[in-house]
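These notes concern the structure reproduced below.
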Amino acid sequence: MSLELKNISLAVEGHLHIYQSNLKLEKATMNVLLGPTLSGKTTLMRIMAGLEKPSSGQIIWNGKDITNCRLQDRDVAMVYQQFINYPTLSVYENIASPLRVMNKNKHEIEIAVKKAAEILKISPYLDRKPIELSGGQQQRCALARALVKGAGLVLLDEPLANLDYKLREELREEIPKIFERSGAIFVYATTEPEEALLLGGNTAALFEGRIRQFGKTSQVYRNPKDIITADVFSNPPMNFLKFRKKYKKLTFEDGISHTETDHLSNLSDGDYIAGFRANHLDLTRKRAAQIKFSVRVNHTEITGSETFIHMNYTGEKWIGLVKGVHNLDQAANIPVYLDLAHIYIFAEEGNLELSAFYATKVK
Amino acid sequence: MKINNSAIIIVLYILFLMLPIYWLLIMSLKTNQEILSTFNLWPENLTFNNYKVIFTDPSWYGGYINSIIYVVMNTIISLSVAIPAAYAFSRYTFLGDKHLFFWLLTNRMAPPAVFALPFFQLYSSVGLFDTHIAVALAHTLFNVPLAVWILEGFMRGVPREIDETAYLDGYSFFAFFKKIFLPLIAPGIGVAAFFCFMFSWVELLLSRTLTSVDAKSIAATMTRTASASGLDWGVLAAAGMLTIIPGALVIYFVRNYIAKGFAMGRV
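Here is the structure:
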């Protein structure tokens, strides 16, 4: 089984919603479409499902062109962000519905429905109407329907976005296990980098209708191809600062120079943009190699055990994520510390020049 | 029990509303003589003769039968046309869809009297004059736009994703429409049917213009009792009472749906 999008693009009323894209998804893989809202995740997914016809390009399923194939004949199941079930049918009939269309016999249907309900923990509610279930259970019902169909391509469009935190964590853990055995191709759209990392598999980073990068999730996370991908795959967003390299010296915007570290030695002289993730910023010097920046605090957000510090560094907005509770005065000038091993170096036009040193070390 | 002010106001209001109906009721149970001679709040000589006249005289009960026939015809035609139309308006965008939708509604803006003459001429020339279908068709001019408008509101309330999920589950369009979609908008169909029924049931002018004997409606029959022998007050009142009943029954059955319809912003 494989799904291939060949030179797919989609224009609506003259506006390109999906720029020409190629994507190949393999059997029994989890594929995450990661991107902010309006990045085209849902649209791309709808093209894969056949709900949207691409303006150009082909969709190849198992080597066969299915671009113009009827929806009913596709081997696809889809779960939406909104909990979509048939309101007038019971939960049992909801789950059974794809099997009923396939004209399976009663006994077979009962076995399959009971099994799916068991896996998704909604067995006690089979007689109810979907509206009488909680949000999490409604989504479980939708997932069960996708599961019994046994489709080769399962599309999950932000299935957990409308659930509360606890339910989300619970289901997020279950989803990959539930579908693991089916050997289907999974596509999972999300706006959250954490979700992509937790699900693993492959990730396609999307931004404004373009697939910026596709590869193993950890690879994309550690070696983003350009500034946009790095930003899409960082939460809070990546922090950036400009610097100039000259004669083994790095000069930052505040005018302070630092001697380069070894892994930067191959970088030719010139102007660059450095990027680093919020969690790599420290309030105190942890290692001798860390360099110091002076920043002004805008405000802090305390989330129990961690503190988000919003700050200003010579005009750039930075966010730092540090452990512990830190009540910093607004407008206070504080020093923050950063290890050069944690910076990604991008060319001024945005392409990655050099991955962060720490990332090249991790497998 | 403590009596609060709002209860008093409501009781007064209901009394006020019910008074004409009560008056109609007691008139129908009086003799003509009593109606015309004395003023009293209840019948002195209770009589069911007026009702007997209606149930035995074909020109009277025939009116009810004719009315029911064309009302049912009209409701069925209106709905079977309006349901696909409303689905199209709620699900597809096409050139001029909004204008077309508005144009449909404008059909209701003209009073039926405007169309009485052209309908009469047209139906006479094609031999439909004095048939049930003539009245049923004439009423669709007013009922189809209303039904489309009501149904479109209900259908818009059904997420498009339900359609898509059904197709991906393997349902063909018609299977989806029958098994999933129609049950979902059943309340809307109920409300639309109610409004078609009501309009067609109470509409007088077109039904009177387009019928003479064979398909004469009850409303027309009632207006024609002012004959040579003068007005038969008692029978007329009894006919009025009987005319209210079907409407009341229909309202009783769709009352919950109508509340839902109001809540959904249409009706």
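Here the protein sequences come in this chain order: A and B. Position one of the first sequence corresponds to residue 1 (our numbering), numbered consecutively onward. Position one of the second sequence corresponds to residue 1001 (our numbering), numbered consecutively onward. Just so you know, even glycine gets a beta-carbon here, dropped at the ideal spot from N, CA and C.
If you draw a straight line from the C-alpha of residue i to the C-alpha of residue j, how long is it?
i, j, result
"B:Tyr1167", "B:Ala1088", "17 Å"
"A:Leu128", "A:Lys114", "The amino acid occupying residue 128 of chain A in the given sequence is Arg; Leu does not appear at that position. Distance between the alpha carbons of A:Arg128 and A:Lys114 is about 14 Å."
"A:Gly364", "A:Leu33", "No answer is possible for residue 364 of chain A: the residues shown for chain A start at 1 and end at 363."
"A:Leu143", "A:Glu174", "11 Å"
"A:Leu250", "A:Gly40", "38 Å"
"B:Gly996", "B:Phe1102", "Here chain B comprises residues numbered 1001 to 1267, so residue 996 of chain B is not present and cannot be evaluated."
"B:Met1073", "A:Lys64", "51 Å"
"A:Phe186", "A:Leu283", "41 Å"
"B:Met1155", "A:Asn312", "51 Å"
"A:Leu264", "A:Phe346", "12 Å"
"A:Asn105", "A:Leu99", "9 Å"
"A:Val336", "A:Val297", "11 Å"
"B:Phe988", "A:Ala189", "Residue 988 of chain B is absent from the model: chain B starts at 1001 and stops at 1267."
"A:Asn235", "A:Leu241", "17 Å"
"B:Pro1145", "B:Asp1169", "33 Å"
"A:Ser56", "A:Ala356", "38 Å"
"A:Met78", "A:Ala289", "50 Å"
Within 10 angstroms of its Cβ, does residue i collect 16 or more other Cβ (buried), or is it exposed?
i, result
"B:Thr1223", "exposed"
"A:Met45", "buried"
"A:Tyr80", "buried"
"A:Ala331", "exposed"
"B:Arg1255", "exposed"
"A:Asp226", "buried"
"B:Lys1179", "buried"
"B:Met1018", "exposed"
"A:Asn68", "exposed"
"B:Met1027", "buried"
"A:Pro224", "buried"
"B:His1132", "buried"
"A:Asn239", "buried"
"A:Lys166", "exposed"
"B:Pro1183", "exposed"
"B:Lys1216", "buried"
Anything in chain B within Cβ reach of residue i, meaning under 7 Å, just list it in chain order.
i, result
"A:Gln139", "Correct list: empty, because the minimum Cβ distance to chain B is about 13 Å."
"A:Met370", "Summary: the structure shown does not reach residue 370 of chain A, with chain A confined to residues 1 through 363, and so no result is reported for it."
"A:Lys166", "Within chain B, no residue comes near A:Lys166; the closest Cβ sits about 25 Å away, beyond 7 Å."
"A:Pro98", "Asp1169, Gly1170"
Under 9 Å Cβ-Cβ, which residues of chain A neighbour residue i?
i, result
"B:Glu1164", "Arg46, Ala49, Leu51, Leu71, Met78, Tyr80, Ile84"
"B:Pro1187", "The contacting residues do not exist; B:Pro1187 stays about 11 Å from chain A at best."
Going by DSSP, what residues sit across from residue i in a beta bridge?
i, result
"A:Gln213", "A:Ala205"
"A:Asn15", "It should be noted that the sequence gives His, not Asn, for residue 15 of chain A. Bridge partners of A:His15: A:Val12."
"B:Asn1004", "According to DSSP, which records beta bridges pairwise, B:Asn1004 is partnered with nothing at all."
"A:Thr251", "A:Arg244, A:Ser257"
"A:Ala274", "A:Leu241, A:Ile345"
"A:Trp61", "A:Leu3, A:Lys64"
"A:Ile291", "A:Leu338"
"A:Tyr188", "A:Val32, A:Leu156"
"A:Ala77", "A:Val154"
"A:Arg296", "A:Asn312, A:Asn333"
"B:Ile1077", "B:Ile1077 is not bridged to any residue."
"A:Asp282", "A:Tyr337"
"A:Thr307", "A:Ile302, A:Val322"
"A:Lys24", "A:Glu4"
What residues from chain B crowd round residue i, counting only those whose CB sits closer than 8 Å?
i, result
"A:Pro236", "Ordered by position in chain B, no residue passes the 8 Å Cβ test against A:Pro236, which lies about 32 Å from the chain."
So which residues of chain A does residue i contact, with C-beta pairs closer than 7 Å?
i, result
"B:Leu1184", "Pro87, Thr88"
"B:Ile1180", "Tyr86"
"B:Pro1159", "Gln82, Ile84"
Leaving aside the five residues before and after residue i along the sequence, list all residues of the same chain whose C-beta is less than 8 Å from its C-beta, in chain order.
i, result
"A:Arg172", "Leu160, Glu195, Leu198, Leu199"
"A:Ser268", "Lys245"
"B:Phe1176", "Asp1163, Ala1166, Tyr1167"
"A:Glu353", "Leu267, Tyr272, Ile345, Phe346, Ala347"
"A:Glu253", "Leu241, Lys242, Phe243, Tyr313, Thr314, Gly315, Glu316"
By Cβ distance below 7 Å, which residues in the same chain neighbour residue i in space, the five residues on each side in sequence not counted?
i, result
"B:Ile1054", "Trp1060, Tyr1061, Val1235, Ala1238, Ala1239, Leu1242"
"B:Ala1192", "Leu1079, Ala1082, Ala1147, Ile1150, Leu1151"
"A:Ala205", "Leu34, Gly35, Arg212, Gln213, Val220, Thr229, Val232, Phe233"
"A:Ala112", "Leu99, Val148"
"B:Val1213", "Asp1130"
"B:Phe1197", "Val1071, Thr1075, Val1250"
From the beta carbon of residue i, is the nearest beta carbon of chain E less than 8 Å away?
i, result
"B:Tyr1092", "Considering every chain present, this structure includes no chain E. Its protein chains are A and B."
Taking 6 Å as the limit between beta carbons, can you name the residues of its chain near residue i, skipping five residues before and five after?
i, result
"A:Gly50", "Leu71, Arg74"
"B:Trp1233", "Asn1032, Ile1035"
"B:Ser1200", "Val1071, Asn1074, His1139"
Please list the partners that residue i has in chain B, where partner means a Cβ-to-Cβ separation under 9 Å.
i, result
"A:Lys149", "Leu1168, Asp1169, Gly1170"
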